[in-house]
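Scroll down for the structure; my scribbles are underneath it.
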Amino acid sequence: MVKRPSMSEAKLQLSGVKRPTKWQDIIPMLFPGHKARQDIAILLLQRIKEGEEKHEVITTSEWLPISLEAMKLNPMYEDIANALEKKWLELEEAGKNRVEILKELAAYAEELKGKGNVQGPNPFHYYKNNFYFTVKYLAKARMIHQDGSVLKVSTEFGKRLQRLAELWLEFAQGEEDW
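Below, the structure written as structure tokens:
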């Protein structure tokens with residue numbers, strides 16, 4: 000059984016993972032065995048980076064579109080995500096406020112889950128909760144910086160890994176006293 004990461008610490012699992020060839024390969028090391036969080040993390044980091052390049056601010060209020068996008072990556076929830084996205088647009092066009100929209104989407108997701116014989120938690124709540132967990136976890140790992148609800152990609156994660164690599168190489172190559 001894969002131990003889930005706790006919120007008190009951010010860990011990088013190096014054993015049992017393939018050698019990374021791109022930045023996205025790091026994400027399963029942070030969220031081993033949790034595909035929903037992996038998908039959310041990758042989509043979130045991409046969205047933040049794209050926003051920074053366009054000088055746009057990305058906030059935690061982006062959880063709904065990112066969660067629906069991540070949900071679509073899971074074949075079990077893909078149809079539910081598409082239906083929820085359509086319903087969301089309809090509710091916005093009807094002039095519903097955010098609280099009403101979220102309440103109706105949660106109920107609709109539960110209804111769709113039942114019709115589709117999907118087991119487990121309400122996918123709407125499941126992805127929403129995992130979005131916020133992922134944000135906090137990426138912040139603890141120092142991959143992102145969170146200032147209130149504003150999210151930015153941080154270089155601190157890479158700097159810490161780089162320093163670890165330097166220390167290890169110095170030791171392994173005999174350049175440091177042990």
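Using numbering that gives the first Met the number 0, the first residue of the sequence shown is number 0, and each one after it goes up by one. Ideal Cβ placement from N, Cα and C applies to all residues, glycine included.
Membership of residue 150 in the beta strand (DSSP E) is indicated by the continuous run 149 to 152.
If you look at residue 45, you'll find it in the alpha helix (DSSP H) that goes 34 to 52. Spatial neighbours of residue 159 in its own chain (CB-CB distance under 7 Å, excluding positions within 5 residues in sequence) are listed in chain order as 141. Note that the C-beta distance between residue 82 and residue 68 is not below 9 Å. In the three-state reduction of the DSSP assignment, residue 133 falls in the helix class, which pools H, G and I. Here DSSP, grouped into helix, strand and coil, assigns residue 145 to strand. Residue 103 is positioned such that its CB atom lies no closer than 9 Å to that of residue 127.
Leaving aside the five residues that flank residue 76 on each side, the residues in its chain whose CB is nearer than 6 Å to its CB run, in chain order, 70, 122.
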